[in-house]
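A short write-up of the structure that comes next.
Protein chains: 2
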Amino acid sequence: MLRPTLSALRSLTVMCIALGTTLSPVSAFGESLAANITSPAKNVILIIGDGMDDHQITIARNYLKGATGRLTLDDMPVRSSVAVLTVSEQAPDEYIYVADSACSGTSMSTGQATSRSRIATTAKSDLDIETIVEMAHKSGLKTGLVSTSSVTDATPAVFASHIQYRFCESPEKMVTERFSCPQDLKANGGPGSISEQLALSNVDVIFGGGMENFTPNVEGGTTSVLDSAIANGFTVLQTKQDLNTVITTGKVLGLFADKHLATKLRGENGRIAEKPEPSLLNSVHWTMGDVDLPEPMICEANPAAVDTPSLLSMSSKAIDLLSTDNDKGFFLMIESASIDKQSHARNPCGSIGELDQLDETVAYALTFAEQNPGTLVLVTADHSQAAQLVPESSMFSGLNIPVYSPGSMARIITPEGGLMGVNYATNDIFAEEHTGAAVPLYANDAAIGKIDTYINQTDIFNIAKQHLGL
Amino acid sequence: MLRPTLSALRSLTVMCIALGTTLSPVSAFGESLAANITSPAKNVILIIGDGMDDHQITIARNYLKGATGRLTLDDMPVRSSVAVLTVSEQAPDEYIYVADSACSGTSMSTGQATSRSRIATTAKSDLDIETIVEMAHKSGLKTGLVSTSSVTDATPAVFASHIQYRFCESPEKMVTERFSCPQDLKANGGPGSISEQLALSNVDVIFGGGMENFTPNVEGGTTSVLDSAIANGFTVLQTKQDLNTVITTGKVLGLFADKHLATKLRGENGRIAEKPEPSLLNSVHWTMGDVDLPEPMICEANPAAVDTPSLLSMSSKAIDLLSTDNDKGFFLMIESASIDKQSHARNPCGSIGELDQLDETVAYALTFAEQNPGTLVLVTADHSQAAQLVPESSMFSGLNIPVYSPGSMARIITPEGGLMGVNYATNDIFAEEHTGAAVPLYANDAAIGKIDTYINQTDIFNIAKQHLGL
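Here it is as structure tokens:
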């Protein structure tokens, strides 16, 4: 359906005023546009940058747009700050101060704070909590989940499954040496693993990675989880070509990688942050000797991503499928997952590229919302992350002593010719910690006057629910 | 002058409506209130939390109000994000990505980005840049600077002095082993040190610490900088008692400490963040051995602050002095300086107490603005800082390997009974680095619809200038 954009309509109106005439939307474009503007379908597009805190955004902006440049995010008209709430598993009335994606996602999908690692279930009492996706489906709306992670990863999972432990992603992963979800086994009357629950779900569009969680046989059965999805009406997509060409009014499950999708960018020759190398003399006293900081590097396209669909291509297809011939509206969650994963891995270029993917997806969503004014676009993060934007050489370099991060750092050459330092130093094992700062929330015109400047993460559920009239 | 508050006025109006009568502000309170509301004096109160980024705010909120609590900041109706811009001294058209308080303060005081360490002067070309305090004075407005640091420290200095190097704070400090400001020496035709410039300034109220910078003799003279301030019309205050009792229509210089003011809070028994202590076995391989994390601690009142005026007491007095019998308006900068200084020093309780001081001062400023509706209240930070809110024990503690920060950390027992981890790991010398994330900006009702959701730090100068009609 051809729909003139609001801005085109405004331009036309301005022209008409200039010509001394008046023009009503109805007379110019017929009833369908008038109906669209006065009583449009209500949609929510919730875009989550996993781990996308103010450091990640500033690091990405400096690289992608320059110090004085602007991301699409920066021009959104509503900007709030979101408290990330996490409770103790043992004592659910006590707060702890750093979340994971499972509990923070559950806050957004259900409006209830829970404990780390839980997927839409209550802390300690382990009760299932109805999600906004489930509510939307009940009310006749379409629903979608898009992620650059495995679709069974915590953020997509919290919207359409319920399980004690986020890593119980497939029938094979329900009981391992390090964790288990015994009460969620079908044999014990549970709903089975996350992939089994998604396969049997009513979600209309599920796009991401994670094929490895759908190839095992269902618990106690002889056919795969993927077969059960097909039996439940899902058309399965596996390639960019599949994604580009699919036309269906039925349910679609796109699994474009075995695990998570490859990132758009990587460090030069695959480099990540590195440990500064102080001289031996520096081990005698901190004021002595010198230090070799990591060599500066650029970011480059990740060759592993050649066959990977972009977040934008998955999201635009999802929006297309969900909005076509749908006058009841939809709820769509879109996640750029590896801003977080690449921060865990101390790979600043990886995170920058994934924030770029998010930002171009936000631009698409905003254009759709302009054409479909009943659409609320929310962009937020689930929690903050380890990466810090630091001086590329110390602020104290004038002292002529070796000064360096005790963790790992990268020095990135930005396209505008600057040198940007990124520090990772929350621990020294194979993956960095999350952090606990409040995170940003951005929204489009539809939210003006409706979102306070500081909210709890659970309020995001309520804002979406209210917008959709659920 | 007795002025009914707006809320009192609203209550009275509601009562009158309930009684079936109408009441105009003019008939109820006479011409002065009507004039106040329809054409009030334009004031700007710019409150700067030095180093007050989203981590610092969340850490302070968790301690002071609890995870679900709210600071006064959180209820302000306008919330923006501010890009902190810093240019290279050698190549002023090139950006670097981490600021200090001198250049970031200069952005706010002059509307121009400069290089690190510069006080209201241009990078490389070293030209003085007119400040908003100087412009306001020229237009007949009153002006004030309040800080918990030495009044010669970078943030207050950038509003009323011009010098190449922030550490040239007194005649004695103009030429040292590590830095010098030769072109700013009076002997070379310059304006002299920062304290000399403040002593000769037209600022109406200057409150803070830094007496040590006023006791040396002026350059080439036989009398002290303090004497030159007195000769320039300043009444000098030195104690809490002086502050409480001063009544004057003239200029006031309050110097309540030799150096910076003592902080409100400190760690238990003076403790700051500490290095985790891994066992010897852990040095063999990162998966082996164990680690002793720092013992949990509370924050406590700092006994050194007993005779120190609070930021609130200095600020409320400054507002009182600047607003009394003043129908032209004022510009007042208030800084909580040691949020930053205590983050450099790895003292989370110190930063928490100084953010508490800022928040109670914000509450006072908002009440004043409610009573004086021409008042714009802006609250922001100059740059972000090293402290990170991290898990109090690792997210990976289930692995049963020793996981710990490579830097320093504190584990703080919050009044609500939680345990909060704070990490400092940008370097291993005596002071942490600044960081480069965008910082928050909050504003009161007077700014609704006037501040975009993402601005440059230099825009703060323009917003204040426009509000004051300069």
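One line per chain: the protein sequences are X and V, in this order.
When the count follows the working numbering, it moves up by one through the first sequence with no breaks and lands on 470 for the last residue.
When the count follows the working numbering, it moves up by one through the second sequence with no breaks and lands on 1470 for the last residue.
We treat Cβ as the ideally placed atom computed from N, Cα and C, and that holds for glycine.
Alpha helix (DSSP H) segment containing residue i, residue limits
i                       : result
residue 493 of chain X  : Lying outside 1 to 470, the shown extent of chain X, residue 493 of chain X is not represented and no answer is given.
residue 1167 of chain V : Unbroken run through residue 1167 of chain V: none, as it is neither H nor E.
residue 61 of chain X   : 54-64
residue 142 of chain X  : Careful: residue 142 of chain X lies outside any alpha helix (DSSP H), inside the beta strand (DSSP E) at 142-150.
residue 376 of chain X  : Where residue 376 of chain X is concerned, there is no enclosing alpha helix (DSSP H), although the beta strand (DSSP E) it sits in stretches over 375-381.
residue 418 of chain X  : Taken as a continuous stretch (DSSP letters only), residue 418 of chain X belongs to no alpha helix (DSSP H), as it is neither H nor E.
residue 1314 of chain V : 1311-1323
residue 82 of chain X   : Residue 82 of chain X -> not in any alpha helix (DSSP H); beta strand (DSSP E) instead, spanning 78-83.
residue 1197 of chain V : 1194-1199
residue 401 of chain X  : No alpha helix (DSSP H) holds residue 401 of chain X; DSSP gives it neither H nor E.
residue 228 of chain X  : 225-231
Where residue i sits in the DSSP three-state scheme
i                       : result
residue 1288 of chain V : coil
residue 444 of chain X  : coil
residue 1160 of chain V : helix
residue 1002 of chain V : A caution first: residue 1002 of chain V carries a pLDDT of 35, below 50, which makes its placement in the model unreliable, though a value can still be read off. Correct three-state label for residue 1002 of chain V: coil.
residue 1354 of chain V : helix
residue 1362 of chain V : helix
residue 1174 of chain V : coil
residue 209 of chain X  : strand
residue 1108 of chain V : helix
residue 49 of chain X   : strand
residue 36 of chain X   : At residue 36 of chain X the pLDDT is 41, less than 50, meaning the model places this residue with poor confidence and gives no usable figure here.
residue 1022 of chain V : With a pLDDT of only 35 at residue 1022 of chain V, under the threshold of 50, the placement of this residue in the model should not be trusted; the figure read from the coordinates follows. Three-state result, residue 1022 of chain V: coil.
residue 216 of chain X  : coil
residue 500 of chain X  : For chain X, the structure presents residues 1 to 470; residue 500 of chain X sits outside this window and is missing.
residue 1439 of chain V : strand
residue 73 of chain X   : helix
residue 455 of chain X  : strand
residue 1283 of chain V : helix
residue 133 of chain X  : helix
Contact under 8 Å by Cβ, residue i with residue j
i                       : j                       : result
residue 1052 of chain V : residue 1444 of chain V : no
residue 1291 of chain V : residue 1276 of chain V : yes
residue 1441 of chain V : residue 1361 of chain V : no
residue 84 of chain X   : residue 438 of chain X  : yes
residue 157 of chain X  : residue 194 of chain X  : yes
residue 1055 of chain V : residue 1355 of chain V : no
residue 1161 of chain V : residue 1119 of chain V : yes
residue 301 of chain X  : residue 265 of chain X  : yes
residue 1497 of chain V : residue 1043 of chain V : In the structure as shown, chain V begins at 1001 and stops at 1470. Residue 1497 of chain V is therefore absent and cannot be evaluated.
residue 1284 of chain V : residue 427 of chain X  : no
residue 132 of chain X  : residue 465 of chain X  : yes
residue 141 of chain X  : residue 378 of chain X  : no
residue 159 of chain X  : residue 333 of chain X  : yes
residue 1210 of chain V : residue 1259 of chain V : yes
The beta strand (DSSP E) enclosing residue i, as first and last residue numbers
i                       : result
residue 388 of chain X  : 388-390
residue 270 of chain X  : That residue, residue 270 of chain X, is in no beta strand (DSSP E); it is neither H nor E in DSSP.
residue 300 of chain X  : 299-301
residue 1462 of chain V : Here residue 1462 of chain V belongs to no beta strand (DSSP E); instead the alpha helix (DSSP H) covers 1458-1468.
residue 1254 of chain V : 1251-1255
residue 235 of chain X  : 234-237
residue 1336 of chain V : 1330-1336
Residues that residue i bridges to, as DSSP identifies them
i                       : result
residue 128 of chain X  : X/121
residue 1430 of chain V : Paired residue(s): none; residue 1430 of chain V is not in a bridge.
residue 1187 of chain V : Partner(s): none; residue 1187 of chain V has no beta bridge.
residue 410 of chain X  : X/422
residue 1296 of chain V : Answer is none; residue 1296 of chain V lacks a bridge partner.
residue 1087 of chain V : V/1095
residue 1372 of chain V : BP columns for residue 1372 of chain V are empty, so no partner.
residue 43 of chain X   : X/375
Residue i: CB within 7 Å of a non-hydrogen atom of the ligand ATP
i                       : result
residue 1229 of chain V : As presented, the structure is devoid of all ligands, the ligand ATP included, so that no description of it is given.
Per-residue contacts from residue i into chain C (C-beta, under 8 Å)
i                       : result
residue 1183 of chain V : No chain C is present in this structure, whose protein chains are X and V.
The stretch 417-438 of chain X: which residues have C-beta closer than 8 Å to a C-beta of chain V, in chain order?
Within the stretch 417-438 of chain X, the residues whose Cβ lies closer than 8 Å to some Cβ of chain V are 417, 418, 419, 420, 421, 423, 425, 426, 427, 428, 429, 431, 433, 434, 435, 436, 437 and 438, listed in chain order.
Mind checking the stretch 1270-1293 of chain V against chain X and listing, in chain order, the residues whose C-beta falls within less than 7 Å of any C-beta there?
Closer than 7 Å at the C-beta level to chain X, one finds these residues of the stretch 1270-1293 of chain V: 1286.
Using a Cβ cut-off of 8 Å, which residues of the stretch 327-348 of chain X contact any Cβ in chain V, in chain order?
Of all residues in the stretch 327-348 of chain X, none has a Cβ within less than 8 Å of some Cβ in chain V.
In chain order, what residues of the stretch 1247-1270 of chain V put their CB closer than 7 Å to some CB of chain X?
Those would be none; no residue qualifies.
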